[in-house]
Amino acid sequence: MGDREPNKKRLLELLRAPDTGNAYCADCGAADPDWASYKLGIFICLNCCGVHRNFPDISRVKSVRLDFWDDSIVEFMTHNGNLRVKAKFEARVPAFYYIPQANDCLVLKEQWIRAKYERREFMADGETISLPGNREGFLWKRGRDNSQFLRRRFVLLAREGLLKYYTKEGGKNPKAVISIKDLNATFQTEKIGHPHGLQITYRRDGHIRNLFVYHESGKLVPFLTRNYLKQGFMEKTGPKQREPFKKRWFALDCHERRLLYYKNPLDAFEQGQVFLGNKEQGYEVYEDLPKGIRGNRWKAGLTIVTPERRYVLTCPNEKEQQEWLESLRGVLSSPLTLLNRLNGVLLFRPGGRNGWVWRFIPVIPALWEAEAGGSLEDRSSRPAWPIW
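Just so you know, we're using UniProt numbering here: the sequence shown kicks off at 1 and counts up by one.
Following this line, the structure appears as structure tokens:
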């Protein structure tokens, strides 16, 4: 039996109780979770609750405020809680494993939840996650010059640290050979329009090359490299600031301190990029447009100042403007890291693109593979990738 109001009060007190971790979602860290898995004894957010509903064998969920709670279930929640359960199911999460955050896409959260509670990969008595072997299989890849997705064969050579893809199923000569150490991969479900969409980025011929791929079903190799800090459309004028404003897609990579811009979100190559130093080197960003300059359709302006020129941009609304300002100021206020300096990220060369040339930091790779059934073939016991 249960008493509705006292039990609800006890649950709300549990959410606020110190040293329990209950104030944040047990799976993605979102603040103020309003749901709970009463089978596991954890408090979770609405988005993660949706994932838990799909696996009734391992989890059952209730609303903290709206559902009826029996005395025994409330007692179970009291004796467990987020930190205690995490200590059990996350006892051995590898250092290279990417743990999803609140703003990450659904496939990341789903595979994290399944790895923890269904496959129990990180429990103290679980099997050790082994290094990956070679993988080979098919992904749907977007054409470089059109919007058509075509089936392509991808081959991952773990020992050599290479990713290859072929335009012909039985072809011997790969269309591209990508060094894993120079590769970055992020889930881009909304941009690609598929829940298992992935953007693979690497350096080629002085430009940033993008590959957009997806598979009908997805299994996650357990980490990502890094996500873009901010993405979206802005309008941009030219270097003389008399050119008409044109709509461009921007992506801010805070790790490599660069702002990339594209004509369209799914372009294979960037149209240009802006290196972002720090304030001590003469870089800054400020709200609004320079005097005498007016935007086209959008009026919420911002200006990026570099030692070479000003980049004058407009945002679709004030909310986007403030988000871009906050993100850009965060990058500009941070010092260049040791890796930035060791890898020569900021090099001056007169006559280069805006006077600057870049070398890019080798990054921890991230790869995504499909599930069984016409999927990428996992030749190892567990998908994982080490920090080299």
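Positions of the beta carbon are idealized from the N, C-alpha and C atoms, including for glycine.
Reduced DSSP secondary structure (H/G/I, E/B, other) of Lys39: coil
For Trp324, which three-state DSSP category applies? helix
On the DSSP letters alone, give me the boundaries of the alpha helix (DSSP H) that Ala300 sits inside. From DSSP, Ala300 is part of no alpha helix (DSSP H) but of the beta strand (DSSP E) over Ala300 to Val305.
Give the secondary structure of Tyr262 by DSSP, where H, G and I count as helix, E and B as strand, and everything else as coil. strand
Quick check: what's the CA-CA separation for Cys48 versus Lys62? 12 Å
Out of Lys164, Ile178 and Ser179, which one is the CA nearest neighbour of Lys172? Lys164
Nearest by alpha-carbon distance to Arg280: which of Val305, Leu12 and Lys291 is it? Position check: residue 280 holds Glu in this sequence, whereas Arg was assumed. It is Val305 whose Cα lies nearest to the Cα of Glu280.
To the nearest angstrom, how far is the alpha carbon of Pro174 from that of Arg329? 42 Å
Endpoints, the beta strand (DSSP E) within which Ser63 is located: Val61 to Ser63
Gly330 (DSSP reduced to helix, strand or coil): helix
Status (buried if at least 16 other CB within 10 Å, exposed otherwise) for Gln199: buried
Looking only at C-alpha atoms, which of Gln271, Val312 and Asp267 sits nearest to residue 456? Residue 456 lies beyond the stretch modelled for the chain, which goes from 1 to 388, so this question has no answer here.
Residues of its chain near Tyr262, where Cβ-Cβ distance is below 7 Å and the 5 sequence neighbours each way are ignored: Arg248, Trp249, Glu270 and Gln271
The beta strand (DSSP E) spanning Gln273 covers which residue range? Segment Gly272 to Phe275, the beta strand (DSSP E) holding Gln273.
Count the other CB atoms within 10 Å of the CB of Gly206; is the residue buried (16 or more) or exposed (fewer)? exposed
Continuous beta strand (DSSP E) stretch holding Leu289: start and end: DSSP places Leu289 in no beta strand (DSSP E); its state is neither H nor E.
Using the beta-carbon count (16 or more within 10 Å), is Asn210 buried or exposed? buried
Residues in its own chain within less than 8 Å of Asp288 by CB, not counting five upstream and five downstream? Gly301, Leu302 and Thr303
On the DSSP bridge list, what partners appear for Ile113? Note: Ile113 sits in no beta bridge, so no partner.
Which class does Gly50 belong to by DSSP, given the choice of helix, strand or coil? The answer is helix: DSSP assigns Gly50 an H, G or I state.
By alpha-carbon positions, which one of Gly193, Ala185 and Phe76 ends up nearest to Tyr202? Ranked by Cα distance from Tyr202, the options Gly193, Ala185 and Phe76 are led by Ala185.
Given that a residue counts as buried once 16 or more other Cβ atoms are within 10 Å of its Cβ, and exposed if not, what is Gln148? exposed
Give the single residue among Gly21, Cys28 and Trp69 whose Cα lies nearest to the Cα of Leu11. Comparing Cα-Cα distances from Leu11 to each of Gly21, Cys28 and Trp69, the minimum goes to Trp69.
Alpha carbon to alpha carbon, how far is Pro244 from Tyr38? Near 58 Å, if we compare the C-alpha coordinates of Tyr38 and Pro244.
Could you compute how far the alpha carbon of Lys230 sits from the alpha carbon of Leu83? Approximately 31 Å, taken between the alpha carbons.
With a CB to CB cut of under 6 Å and the five nearest residues on each side skipped, what residues in its chain are close to Cys45? Cys25, Ala30 and Pro33
Beta-carbon separation of Arg153 and Trp140 under 7 Å? no
Can you find the residues in the same chain that come closer than 7 Å, C-beta to C-beta, to Lys116, ignoring five residues on each side of it along the sequence? Phe89, Glu90 and Phe122, listed in sequence order.
Alpha carbon to alpha carbon, how far is Gly193 from Gly143? 15 Å
State the Cα-Cα distance for the pair Phe76 and Phe187, rounded to the nearest angstrom. Between Phe76 and Phe187, the C-alpha separation is close to 36 Å.
DSSP on Asn22, reduced to helix/strand/coil? coil
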